[in-house]
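Engineer:
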Amino acid sequence: LEPIYAVVFLDAIHYHVRSEGQIVKKAVYIAIGIDLAGKKDVLGMWVGENESAKYWLTVLNSLRNRGVEDIFIACTDNLTGFSAAIEAIYPKTEIQNCILHQLRNSARYVSYKDIKALMADLKAVYAAVDEPSALHALDVFAEHWDGRYPQIAKSWRENWANLSTYFKY
Numbered sequence: 002l003e004p005i006y007a008v009v010f011l012d013a014i015h016y017h018v019r020s021e022g023q024i025v026k027k028a029v030y031i032a033i034g035i036d037l038a039g040k041k042d043v044l045g046m047w048v049g050e051n052e053s054a055k056y057w058l059t060v061l062n063s064l065r066n067r068g069v070e071d072i073f074i075a076c077t078d079n080l081t082g083f084s085a086a087i088e089a090i091y092p093k094t095e096i097q098n099c100i101l102h103q104l105r106n107s108a109r110y111v112s113y114k115d116i117k118a119l120m121a122d123l124k125a126v127y128a129a130v131d132e133p134s135a136l137h138a139l140d141v142f143a144e145h146w147d148g149r150y151p152q153i154a155k156s157w158r159e160n161w162a163n164l165s166t167y168f169k170y
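Per the numbering used here, the sequence shown runs over residues 2 to 170.
1) Where does threonine 166 sit, in a helix, a strand or coil, going by DSSP?
2) State buried or exposed for isoleucine 5, treating a residue as buried only when at least 16 other CB atoms are found within 10 Å of its CB.
3) Taking only runs of the alpha helix (DSSP H) that begin and end inside the segment 132-163, which ones reach a length of at least 4 residues, in chain order?
4) With a cut-off of 8 Å, do at least 3 Cβ pairs link the segment 26-41 to the segment 104-115?
5) Please name the residue in Lys26, Asp12, Leu11 whose C-alpha comes closest to that of valine 18.
6) Quick check on arginine 65: does DSSP put it in helix, strand or coil?
7) Go ahead and pull the three-state DSSP assignment for arginine 124.
8) Could you give the residue range of the alpha helix (DSSP H) that holds alanine 28?
9) Less than 6 Å between C-beta atoms, sequence neighbours within five positions excluded: which residues of the same chain meet that for alanine 135?
10) For glutamine 97, write down the residues that DSSP places opposite it in a beta bridge.
11) Among Asn98, Gly68, Leu104, Tyr170, which has the Cα closest to the Cα of leucine 11?
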C-alpha cells in the first residue's frame, strides 16, 4: 500500500450469509483510499461478526502493518468509538463524518411529504462554498424546519466538528 493517503473511506456493509446451515448476519469492513495522485484503491476487505470500533482498530492496525504510515482524512459513519480507534493508530488524521450517513439519519425523522424540500434545504448546508456559508445555511434551515423537525439541525450542530472537515480543503 502507499505510505500516505489523502482520504480513506471506512465503512461496513452488513450481509446475511449461510454459515454451518444457518443464516447469520456478517459485517464486511471495507477501506477505500485515495492516494496523493488522486487514484482510488481498495485497501482491503475484512469479514467480522458485527460492526464495532474494536474491530475497526484491528482493520487500522492491518493497514499500518501493510505500509500505510499516515492518512490525512478518514471518512467514517460516526460509529461510537470509531474516532478514538483512528486516533490510536493515526493520531494526526482528521475525521470527516460521511455526509450521506448524516443525511440518511436526518431523513429518518421526516414525513414523506416534506422530504424533497427538506433535503433541498440541507443541500445548501453541505454544498456551501465555505464553512461560514454552510453555518448560515444551517441557521436558515433551522428557522424553517425546527418547528416540525428540531432534532435534525440539532444533530448537524452536535456533529459539526466532524461534518465540516472538508471545508478546510
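Every residue gets a Cβ at the ideal spot worked out from N, C-alpha and C, and that includes glycine.
Structural biologist: Short version:
1) Within the sequence shown, the letter at position 165 stands for residue 166. Threonine 166: helix per DSSP, three-state reduction.
2) The residue labelled residue 5 in the question sits at position 4 within the sequence shown. Counting Cβ neighbours within 10 Å, isoleucine 5 comes out exposed, since fewer than 16 surround it.
3) Fully enclosed alpha helix (DSSP H) runs of 4 or longer: 132-146, 151-159.
4) no
5) Counted from its first residue, the sequence shown places residue 18 at position 17. Checking every option, the nearest Cα to that of valine 18 belongs to Lys26.
6) Along the sequence shown, one-based indexing puts residue 65 at 64. It is helical.
7) Counted from its first residue, the sequence shown places residue 124 at position 123. This sequence places lysine at residue 124; arginine is not what is there. Helix at lysine 124.
8) Along the sequence shown, read from residue 1 onward, the residue named residue 28 stands at position 27. Run containing alanine 28: none in the alpha helix (DSSP H); it sits in the beta strand (DSSP E), 23-36.
9) Locating residue 135 in the sequence shown gives position 134, where the first residue counts as 1. Same-chain partners within the cutoff: Val126, Ala129.
10) Along the sequence shown, read from residue 1 onward, the residue named residue 97 stands at position 96. Looking at the DSSP assignment, glutamine 97 forms a beta bridge with Cys76.
11) The residue given as residue 11 occupies position 10 in the sequence shown. With distances taken between Cα atoms, leucine 11 lies closest to Asn98.
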